[in-house]
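Residue numbers (our numbering), protein chains in the order written: chain U, 1 to 106; chain F, 107 to 766.
Backbone N, C-alpha and C define an ideal beta-carbon position, used for all residues, glycine too.
Note that this is a predicted model, so its numbers are computed, not measured.
Data first, discussion second: the structure below is written as structure tokens.
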Amino acid sequence: MSEQLLCQLTSGPDCLQISGEMTVHCAQALYQQWRPLLSDPGAPARVDMSEVTEIDTAGLQLLLLARRTARSQGRPFAIVASPVVRSVLELCRLAPPPGEPSGKTP
Amino acid sequence: MNIADALPTFVAESTDLLVEMEAALLECARGRGGPEAVNLIFRSAHTIKGSSGLFGLQPIVSFVHVMETALDQVRLGRLELSAELITALLACKDHTGALIALYGSLSPGEPSEALRAEETRLLAELKRLTGIGAPAESVERPEAAVAVTGAATAPLWQIAVRFGPDTLRNGMDPLGFIRFLENLGEITTLQLLEAELPEPAAFDPESCYLGFELSLRTTADRARIEAVFEFVREDCTLVITPPAAETPANAVTTAPKAATRPEAEAARPGAEAAARFLRVDAGKLDDLITRVGELIIAAAGTTVLARRVKNDDLTESMSSVTSLVEQVRECALQLRMVKIGATFARFERVVHDVAREIGKEIRLEIRGEDTELDKTVVERIGDPLTHLVRNAIDHGIEPLEVRTARGKPAAGTVTLNAYHDSGSIVIECSDDGGGLKRERILQKALERGLIAAGQELSEEEIFGLIFEPGFSTAENVTNLSGRGVGMDVVKRNIVALRGNVRLASVEGKGTTVTIRLPLTLAIINGFQVAVGRASFILPLDAIEECVEFSCEAGRDFTNLRGQVLPFVRLRELLDVKGPVRPRQSIVIVRHAGTRVGLVVEDLLGELQTVIKPLGKTFRRSECVSGSSVLGSGEVALILDVPALVRYATARATQATELRA
Chain U
1 MSEQLLCQLT SGPDCLQISG EMTVHCAQAL YQQWRPLLSD PGAPARVDMS EVTEIDTAGL
61 QLLLLARRTA RSQGRPFAIV ASPVVRSVLE LCRLAPPPGE PSGKTP
Chain F
107 MNIADALPTF VAESTDLLVE MEAALLECAR GRGGPEAVNL IFRSAHTIKG SSGLFGLQPI
167 VSFVHVMETA LDQVRLGRLE LSAELITALL ACKDHTGALI ALYGSLSPGE PSEALRAEET
227 RLLAELKRLT GIGAPAESVE RPEAAVAVTG AATAPLWQIA VRFGPDTLRN GMDPLGFIRF
287 LENLGEITTL QLLEAELPEP AAFDPESCYL GFELSLRTTA DRARIEAVFE FVREDCTLVI
347 TPPAAETPAN AVTTAPKAAT RPEAEAARPG AEAAARFLRV DAGKLDDLIT RVGELIIAAA
407 GTTVLARRVK NDDLTESMSS VTSLVEQVRE CALQLRMVKI GATFARFERV VHDVAREIGK
467 EIRLEIRGED TELDKTVVER IGDPLTHLVR NAIDHGIEPL EVRTARGKPA AGTVTLNAYH
527 DSGSIVIECS DDGGGLKRER ILQKALERGL IAAGQELSEE EIFGLIFEPG FSTAENVTNL
587 SGRGVGMDVV KRNIVALRGN VRLASVEGKG TTVTIRLPLT LAIINGFQVA VGRASFILPL
647 DAIEECVEFS CEAGRDFTNL RGQVLPFVRL RELLDVKGPV RPRQSIVIVR HAGTRVGLVV
707 EDLLGELQTV IKPLGKTFRR SECVSGSSVL GSGEVALILD VPALVRYATA RATQATELRA
């Protein structure tokens, strides 16, 4: 099984990029990769989710967790949303995502 | 929610529900079903309809809707559950199964002509029996169809829902339910409840922590809103507050277990049981068993090493490791074991249908339903058993007049029994019918040239003739059996499972067919032989004896105690290269009454071995049925004895013809 390949997390200097499927199928793998960065004060402030092809409740929870830990440390937190991510955020009345007021996917 | 992922679960769960429904219907048919059974039948239909709607499978929804409406009438006591209605509902259940099989695949085709004709017939039948017809103008379409127009004026409902921690693990996506609510109307406000999200360290990415509070503007009623959460109502907290106009002061339901249909909830014994079980991909279990097999091999290798270095502590510790590994293997194999009860229960239906068809009164008695056996075996035993049960009903049980004349009870009894006996499982199918006439069997066998005149046969051998190809003593051919195909196919199927079948019968009293099967297909008792440097494994129970090699000069047969025994030289057959070992032996194997010899160069003794399926490369090779890894890490091929016997016999016949 190549579960890990369904979803990829790449950490850059100022941007954390997630691509693929943010679903319960790879939530565990994604969480394991993301976790060290959650409490890291030097973690990138921007999460680029423009390449996310699918997101479910598990993916949303991870995003909420990241947002909350960032806020509790007083770090800025911004995301770039792909259309599917945007649709979930809108459903949950979480849009527009902070840091991206125009609502456009770069 | 990813439909493609959830669809197999839908199919599996619906199939389970249909099985429950059938069992309950049959219970009612026997007059044993009370209101719980009726409730269960209704609920199964209701749930199938609900989930089909969730997947947008409109054809299933509309068909099951008619069934559900009829069942609701029964449930409310407005309609009697007559034998005729039960038969119709059983057919409806089958049809629903066929629809689910059709639409439940990822690329559903068009329903066949026959399927459509069946649907029309069933709907007409239901209409005749209950007066309930298909929804002309769609009395109750699935929830999705209720997309409300002019929603702005519709009443405003308050919904608070918190999902249980296992929701995600159960394959449900809360967001999917919220999205689905949008089909009912307009979500005007929504508050995501994320307070339950734990600290990162305590966070489990596969647990659900979220809840939603929302206002929904819809014309749908409470039942319809609740139905959206049908799939998670076991483990979510759902509070639905109706619009002010409709609200009696105390209508705020705060029951922790979603306030849906209390009566349905109460009468659900299966629900609790289901929670204790886990649906596991069979492939994962096979994987586990393969790994455990490898572990056994590795442990055996280490034990050899430990002995070689003569370290007592190490040897001792290895022996406890080995014993643990053995236990793990037992447990792993146990995981594949399922109770035979479900398979037996299927025959209630067979008996019900067949008995009606031929107008006999038959009772099915089931014993030993808790006996466990390998899932693969269970799956493959169904067809042969069906044949045996049908045979028993059709040929075994006598017509009513004969039974009365013989002083037997009017209702014939067919008994299915299962039990374990020294490493195998025994399944018996018996009837209290007329039994077999030995003389007729002998006469028929003579006619067919299966036996020679004056041949002395034991009782068992005589009844064994029944399983010969093309043998049938049925006096008249019926729809069910008696076309001369059957018992030989039954035997072939069972032999393919490495089992055997025997028949015992007392004329006038009844017949018992006994099937004996290995408990599992994954492990066999093997006998290891070698040719050149290659090792091969033969199933131990196929081996008769081993003798020293001898042969008639230039011929491929030997004289075994005055009889001609054809043999196969494994070296030639399998094209083994390398130096020939000096001492050759003949291993005599037997299949379906034929014996042949296999010429090998070394006998290495018995061993228990884990069968691994062959890779693509070997799949087409004739005489090899599997492979196994030996303690030394070498691979040994498992030889296919039936194929070898066929090959040797064919060659022997050919040689005779050439000489003639």
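Query raised in the report: At least one CB of chain U closer than 9 Å to the CB of Thr175 (chain F): is that the case?
Result: no
Report task. Give the DSSP bridge partners of Gly518 (chain F), in chain order. Result -> Gly518 (chain F) has F:Ile468 as its beta-bridge partners, per DSSP.
Report task. Using a Cβ-Cβ cut-off of less than 7 Å, list which residues of the segment 68–92 of chain U approach chain F; keep chain order. Result -> Arg68, Thr69, Val88, Leu91, Cys92
Query raised in the report: Is Ala58 (chain U) close to chain F, meaning its C-beta is less than 9 Å from at least one C-beta of that chain?
Result: Interface with chain F (9 Å Cβ-Cβ cutoff): Ala58 (chain U) is included.
Report task. Would you kindly report the start and end of the unbroken beta strand (DSSP E) that includes Pro672 (chain F)? Result -> 669–675
Query raised in the report: Can you list the alpha helix (DSSP H) stretches of 4 or more residues lying completely in the segment 270–347 of chain F, in chain order?
Result: 280–290, 328–334
Query raised in the report: Can you pull the DSSP bridge partners for Trp34 (chain U)?
Result: Paired residue(s): none; Trp34 (chain U) is not in a bridge.
Query raised in the report: Going along chain U, which residues have a C-beta under 8 Å from Glu231 (chain F)?
Result: Going along chain U, no residue has its Cβ under 8 Å from Glu231 (chain F), so there is no contact; the nearest lies around 43 Å.
Requested in this report: Give the residues from the segment 305–316 of chain F that approach chain U closer than 7 Å (Cβ to any Cβ), ordered along the chain.
Outcome: So the list reads Pro306, Phe309, Pro311, Glu312, Cys314, Tyr315, Leu316, given in the order they occur along the chain.
Query raised in the report: Which residues share a DSSP beta bridge with His526 (chain F)?
Result: DSSP links His526 (chain F) through a beta bridge to F:Ile531.
Query raised in the report: Hey, out of F:Gly270, F:Ile572, F:Glu562, F:Cys535, whose CA is closest to Lys550 (chain F)'s CA?
Result: F:Ile572
Query raised in the report: Out of curiosity, what's the CA-to-CA distance linking Asn145 (chain F) and Ala448 (chain F)?
Result: 21 Å
Query raised in the report: Does the Cβ-Cβ distance between Thr53 (chain U) and Ser19 (chain U) come in under 9 Å?
Result: yes
Query raised in the report: Name the chain F residues whose beta carbon is nearer than 9 Å to that of Arg64 (chain U)?
Result: The amino acid occupying residue 64 (chain U) in the given sequence is Leu; Arg does not appear at that position. In chain order: Leu298, Glu300, Leu303, Tyr315, Leu316.
Requested in this report: State yes or no: is the C-beta of Val386 (chain F) within less than 9 Å of the C-beta of Arg435 (chain F)?
Outcome: no
Query raised in the report: If Cys92 (chain U) and Leu298 (chain F) are in contact, beta carbons under 8 Å, what's the gap, nearest whole angstrom?
Result: The beta carbons of Cys92 (chain U) and Leu298 (chain F) sit about 5 Å from each other, so the pair counts as a contact at 8 Å.
Requested in this report: Report the rounded CA-to-CA distance for Gln73 (chain U) versus Ala43 (chain U), giving the unit in angstroms.
Outcome: 11 Å
Query - Closest residue to Gly699 (chain F) among F:Leu208, F:Val682, F:Arg598 (Cα-Cα distance) - result: F:Arg598
Report task. With a cut-off of 8 Å on the beta carbons, I'd call Leu191 (chain F) and Ser150 (chain F) a contact; round off their distance for me. Result -> Actually they are not in contact, since the Cβ atoms of Leu191 (chain F) and Ser150 (chain F) sit about 16 Å apart, beyond 8 Å.
Query raised in the report: If the cut is a Cβ gap below 7 Å, which residues of chain U does Pro280 (chain F) touch?
Result: Thr57
Query raised in the report: Does Gln28 (chain U) have its Cβ less than 9 Å from a Cβ in chain F?
Result: yes
Query raised in the report: Does the separation of the CB atoms of Gly730 (chain F) and Asp746 (chain F) fall below 9 Å?
Result: With the sequence shown as reference, residue 730 (chain F) is identified as Val, and Gly is not the correct amino acid for it. Contact flag set, yes.
Query raised in the report: Among F:Pro672, F:Arg677, F:Gln561, F:Ala749, which one has its Cα closest to the Cα of Ala761 (chain F)?
Result: F:Pro672
Query raised in the report: Ends of the beta strand (DSSP E) at Ala501 (chain F)?
Result: According to the sequence displayed, residue 501 (chain F) carries His and not Ala. Premise fails: His501 (chain F) is in no beta strand (DSSP E) and is neither H nor E.
Query raised in the report: Mind listing which residues of the segment 266–295 of chain F have their C-beta closer than 7 Å to chain A's C-betas, in chain order?
Result: Judged by its chain identifiers, the structure shown contains no chain A, and its protein chains are U and F.
Query raised in the report: In terms of residues, what are the limits of the alpha helix (DSSP H) holding Phe569 (chain F)?
Result: 565–570
Query raised in the report: Looking at the unbroken beta strand (DSSP E) that takes in Gly703 (chain F), where does it start and where does it end?
Result: 700–706
**Report entry** Rounded distance between the beta-carbons of Ala524 (chain F) and Ile446 (chain F), thought under 8 Å
**Finding:** 5 Å
Query raised in the report: Below 9 Å between beta carbons: does that hold for Leu316 (chain F) and Glu300 (chain F)?
Result: yes
Report task. Determine which residues share a DSSP beta bridge with Thr664 (chain F) and list them. Result -> F:Leu671
Report task. Have a look at F:Arg473, F:Leu676, F:Glu219, F:Arg285 and flag the residue whose alpha-carbon is nearest the alpha-carbon of Glu454 (chain F). Result -> F:Arg473
Report task. Express the C-alpha separation of Leu710 (chain F) and Ile402 (chain F) in angstroms, rounding to a whole number. Result -> 19 Å
Requested in this report: Take Val653 (chain F) and list the residues in its own chain whose beta-carbon comes closer than 6 Å to its own, dropping the five residues that flank it on each side.
Outcome: Ile692
Query - Those runs of the beta strand (DSSP E) which lie wholly inside the segment 60–89 of chain U and span at least 3 residues - result: 78–81
**Report entry** Partner residues on chain F for Gln17 (chain U), Cβ-Cβ distance less than 8 Å
**Finding:** Near Gln17 (chain U) there are no residues of chain F at all, since even the closest Cβ is about 19 Å away, more than 8 Å.
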